[in-house]
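Heads up: the sequence shown is residues 594 to 902, going by our numbering. Where a beta carbon is used, it is the ideal one built from N, C-alpha and C, also for glycine. Working notes for the structure below.
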Amino acid sequence: MRLLYLLIFMLSAVTLFAEESTHPISACGEYLETSSVDVTKINTTTPFKKGLLWQAEKDGKTNYVLGTIHSQDYLVTGFPPPIRLALVRSKLLLMETVPSDKANQAFFDAMYFQDGQTLSSYLQAEMLDELSRIAVEYGVPEDKVASLKPWAAFSLIGRPKPVRAASQEMNLLKLGMQTIQRIESLETMEEIVAALEGLSISDQITILEDTICNHSNIIGDAKKLIDLYVARDLEGILAFNQQPHHDEAVFERFMQAILYDRNDRVMNRIMRAFEEGNAFVAIGASHLADENGLLVQLQQAGFKLKSIY
């Protein structure tokens, strides 16, 4: 199992209003709604509506920003000529986290309670049983499910099951190793884990229960997100993330920790790289477009931005 990619589709782990109105688990009732939302009707304010690869120019220096998606879907794991050309022109590739055995192990080590706690202290028995049924399909041994931390459990099942295929990040790393002098991480796995650990246990449990109850809908939403990505529709991805959620306060705290706070941290590292020039940044597309996104911050810092794919 590719433990490094358990964060896949993280933003859809805090689920949207479900389309089904019933569930075999009685405790799921509060998480289920019958309404659905047309994302094309959601208004967004981003000036960055279309494009995955952006050229950023300032003081005669050129850099690139690529919005990625944490996926193994064959529709997104290849790279078209504009992206390949930008990589060839770059000397530094900055990835969210460079895939490695060390990063995998850091995530794995953090996934499980080490102090004797179990999920049985937080979840009703039928909810834990349903989690066990789902998690086993993702490769977690049945006797280990109850030892998962809540954030690890919803990160794991809040995306499609992994398959025997390279992820987009792995293919980007292989391509970068062929042409680029330096490859570095924007964040360590420890920093990403700390952001998840920083969520209150109450918020983690709310997200986990929501994810368990709406698991089948989340998998369907993953396909919608892939379609938006393939269309290079940044505005659509932003609208997708702005759909109503079961608990808006929990969602906002989740977004603050997982998106906005991390944006501020990585922006400092991006700016240092961009001062040298010839840098290529690859980071999840959801980090790019909204009012707190990296593209807005780059524009405010005086960079001229142009969509080239």
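Write down the C-beta distance between residue i and residue j rounded to the nearest angstrom, noting that I regard them as a contact closer than 8 Å.
{"i": "residue 873", "j": "residue 679", "result": "6 Å"}
{"i": "residue 643", "j": "residue 825", "result": "6 Å"}
{"i": "residue 860", "j": "residue 887", "result": "6 Å"}
Please list the terminal residues of the continuous beta strand (DSSP E) segment that includes residue i.
{"i": "residue 874", "result": "872-877"}
{"i": "residue 711", "result": "Looking at the DSSP string, residue 711 is not in any beta strand (DSSP E), and its letter there is neither H nor E."}
{"i": "residue 797", "result": "Here residue 797 belongs to no beta strand (DSSP E); instead the alpha helix (DSSP H) covers 794-806."}
{"i": "residue 776", "result": "775-778"}
{"i": "residue 894", "result": "It is not in any beta strand (DSSP E) - residue 894 carries neither H nor E in the DSSP assignment."}
{"i": "residue 649", "result": "646-651"}
Report the rounded CA-to-CA distance for residue i versus residue j, giving the unit in angstroms.
{"i": "residue 603", "j": "residue 776", "result": "Annotation note: pLDDT 45 at residue 603 (below 50); position unreliable, no value reported."}
{"i": "residue 882", "j": "residue 701", "result": "31 Å"}
{"i": "residue 709", "j": "residue 766", "result": "38 Å"}
{"i": "residue 896", "j": "residue 738", "result": "47 Å"}
{"i": "residue 752", "j": "residue 638", "result": "28 Å"}
{"i": "residue 609", "j": "residue 720", "result": "Note that residue 609 scores 42 on pLDDT, short of 50, meaning its location in the model is unreliable; the coordinates nonetheless yield the value given after this. In a straight line, the C-alpha of residue 609 is about 19 Å away from that of residue 720."}
{"i": "residue 892", "j": "residue 853", "result": "17 Å"}
{"i": "residue 792", "j": "residue 847", "result": "7 Å"}
{"i": "residue 711", "j": "residue 745", "result": "13 Å"}
{"i": "residue 687", "j": "residue 786", "result": "19 Å"}
{"i": "residue 863", "j": "residue 641", "result": "19 Å"}
{"i": "residue 743", "j": "residue 829", "result": "29 Å"}
{"i": "residue 614", "j": "residue 843", "result": "Residue confidence is low: residue 614 scores 47 on pLDDT, short of 50, so the model does not pin down where it sits. No coordinate-derived value is stated."}
{"i": "residue 646", "j": "residue 754", "result": "27 Å"}
{"i": "residue 849", "j": "residue 818", "result": "21 Å"}
{"i": "residue 884", "j": "residue 735", "result": "42 Å"}
Considering just the uninterrupted stretch of the alpha helix (DSSP H) at residue i, what are its terminal residues?
{"i": "residue 771", "result": "761-772"}
{"i": "residue 657", "result": "Premise fails: residue 657 lies in the beta strand (DSSP E), 654-661, not in any alpha helix (DSSP H)."}
{"i": "residue 721", "result": "718-730"}
{"i": "residue 686", "result": "Run containing residue 686: none in the alpha helix (DSSP H); it sits in the beta strand (DSSP E), 685-688."}
Among the options, which one has its Cα closest to the Cα of residue i?
{"i": "residue 674", "options": "768, 821 and 822", "result": "768"}
{"i": "residue 778", "options": "660, 890 and 685", "result": "685"}
{"i": "residue 879", "options": "763, 833 and 714", "result": "833"}
{"i": "residue 868", "options": "653, 625 and 620", "result": "653"}
{"i": "residue 811", "options": "748, 774 and 756", "result": "748"}
{"i": "residue 870", "options": "667, 616, 682 and 662", "result": "682"}
{"i": "residue 717", "options": "672, 620, 815 and 890", "result": "620"}
{"i": "residue 667", "options": "657, 837, 704 and 762", "result": "762"}
Exercise for review: Would you check if there are 3 or more beta carbon pairs closer than 8 Å linking the region 804-811 to the region 722-735?
Suggested key: Taking a cut-off of 8 Å on C-beta distances, the region 804-811 touches the region 722-735, as three or more cross pairs fall below it.
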